[in-house]
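At position 195 of the sequence shown (counting the first as 1) the number is 208 in the working numbering, and the numbers step up by one without a gap.
Down below is the structure, laid out as structure tokens.
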Amino acid sequence: MIARRQGRSRRLVVVLLGISTLLGLLWMGTGYSDASNGREEEALETIAGSRRVTKVSMLYGARNVLYERALQSHRRHAERWGYGMDVLQQDISVGYWNKPSYLLSLVIAELTKPGLDRVEWFMWVDADSIIINPAIPVEIFLPPFDVDSIHIVASKDHNGLNTGVFFLRVSQWTVNMLIEVLGYPAYNPDAHLGFQEDQTSMAVILNKTTGGPDGKGYRDGLVYLPRTWINTYEWKHAYEGTKGNLLVHFPGLEDERWPHMSTWLDIVETKPEEWEVPLEETWYMHESRSFWGRIREAKKAISSYEALSKITSSSSRNRERFELAARELGKVLHETPFDGELLQQRIDDWNVLGAAY
14 MIARRQGRSR RLVVVLLGIS TLLGLLWMGT GYSDASNGRE EEALETIAGS
64 RRVTKVSMLY GARNVLYERA LQSHRRHAER WGYGMDVLQQ DISVGYWNKP
114 SYLLSLVIAE LTKPGLDRVE WFMWVDADSI IINPAIPVEI FLPPFDVDSI
164 HIVASKDHNG LNTGVFFLRV SQWTVNMLIE VLGYPAYNPD AHLGFQEDQT
214 SMAVILNKTT GGPDGKGYRD GLVYLPRTWI NTYEWKHAYE GTKGNLLVHF
264 PGLEDERWPH MSTWLDIVET KPEEWEVPLE ETWYMHESRS FWGRIREAKK
314 AISSYEALSK ITSSSSRNRE RFELAARELG KVLHETPFDG ELLQQRIDDW
364 NVLGAAY
């Protein structure tokens, strides 16, 4: 009788894993259209305007013409693609805390509206970022509709999370997260948050695996894009991007940023064609489709593991193998999903384990 139950359990494991894999493969052929199949224009029409997006920034205090010109590049981009644009022009908090405070107020305001009248995503852009390729719609960076557990799309550099350019979903999850970000220094007065306090606080909160709206923290709601897709840096010596990149950002340059910003602004204002490349001629469409396909498949694998772990009666050795595979997959998904080769390897490892079980 025990052997029979174990056999049924093992078959159920295989069936669930097979269904999960099949759904992942089916999704890979849907969602974003394949730009490599000769239907680039159809794909672009599908992506552009598919989400209600508003760009957000802040600019107050002493006048800075370079920041004003930089934000104008974002306004032109927003007008081209039908996005909203909100800019905080008054100090409502202290220093860097203006950013999460303003975002929280905007998200709450949207949630008071009827569903179809709401903005779906806010895209935060620092005032020292400049759009250099306005032909790129930002919807390309957002998760497909059925990957609805993602609430923040960001990037990371050598310091970790960078909040110079990132996306926030309008949701109760986001409200809870931002409240915790703002409250963190009050409840942790001895915590060293460094120079950019709000960014460090957000990184800490987003790494939580307990608490939050569902008791699981916020880590599962965050995904890191390849940073150069949305947050390409200008270094002292050169621009790290290539022709076709969406924007240029100037973090860490301090007062040295002004001549760099001036040069780029002169280019986009007088010779915009130098850096504008149609979406279908860039790597964005293919790479973003592949990226979100891997994210979807990885999330389905982890969900199937969580479900199976509650019902399977497999041997302790097999459980350990599944736990290890799920743990390794989750680590890459949460920390370095932009490493496509590594994430795909972890997905393949999981699928091989499931097929052999």
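The beta-carbon is built from N, C-alpha and C at its ideal position, and this holds for glycine as well.
- Between Lys-169 and Tyr-237 the beta-carbon gap is near 5 Å, inside 8 Å, which marks them as a contact.
- In this structure, the straight-line span from the alpha carbon of Glu-152 to that of Asn-201 is close to 37 Å.
- Fully contained in the stretch 211 to 294 are the following beta strand (DSSP E) runs of length 3 or more, in chain order: 235 to 237, 260 to 262.
- In the three-state reduction of the DSSP assignment, Ser-142 falls in the strand class.
- Around the CB of Ile-105, fewer than 16 other CB atoms lie within 10 Å, so the residue is classed as exposed.
- Asn-175 is bridged by DSSP to Ser-168.
- Distance from the CA of Gln-212 to the CA of Thr-176, rounded to the nearest whole angstrom, comes to 6 Å.
- When DSSP reads this structure, Gly-97 sits in a beta bridge with Thr-67.
- Apart from the 5 residues on each side of it in sequence, Asn-220 sits with its Cβ closer than 7 Å to the Cβ of Arg-232 in its chain, given in chain order.
- Put simply, the stretch 289 to 296 does not touch the stretch 331 to 339. Fewer than three CB pairs are less than 8 Å apart.
- In its chain, beyond the 5 residues on either side, Leu-72, Ala-140 have a beta carbon closer than 6 Å to the beta carbon of Tyr-80.
- Beta-bridge pairing by DSSP links Met-136 to Lys-68, Phe-180.
- Under the three-state reduction of DSSP output, Val-188 falls in the helix class.
- Counting along the chain, the unbroken alpha helix (DSSP H) around Ser-118 starts and ends at 111 to 124.
- Using a C-beta cut-off of 8 Å, the stretch 261 to 271 makes no contact with the stretch 110 to 130, since fewer than three inter-stretch Cβ pairs fall below that distance.
- Cα atoms of Phe-179 and Trp-137: separation of roughly 5 Å, rounded to the nearest angstrom.
- Short of 7 Å from the beta carbon of Leu-342, and not among the five residues preceding or following it, lie these beta carbons of its own chain, in chain order: Ala-311, Ala-314, Ile-315, Arg-359, Ile-360, Trp-363.
- Contact annotation: Gly-230 and Thr-223 have beta-carbon atoms nearer than 8 Å.
- Trp-110 and Leu-206 have their C-alpha atoms spaced approximately 12 Å apart.
- The shortest C-alpha to C-alpha distance from Ile-145 to any of Arg-302, Gly-306, Leu-278 is the one to Leu-278.
- The C-alpha of Arg-89 is placed about 22 Å away from the C-alpha of Leu-116.
- Taking 3 residues as the minimum length, the stretch 316 to 365 contains no beta strand (DSSP E) run wholly inside it.
- For the pair Lys-112 and Leu-366, the Cα-to-Cα distance works out to about 45 Å.
- Judged by their CB atoms, Glu-289 and Pro-147 are nearer to each other than the 8 Å cut-off.
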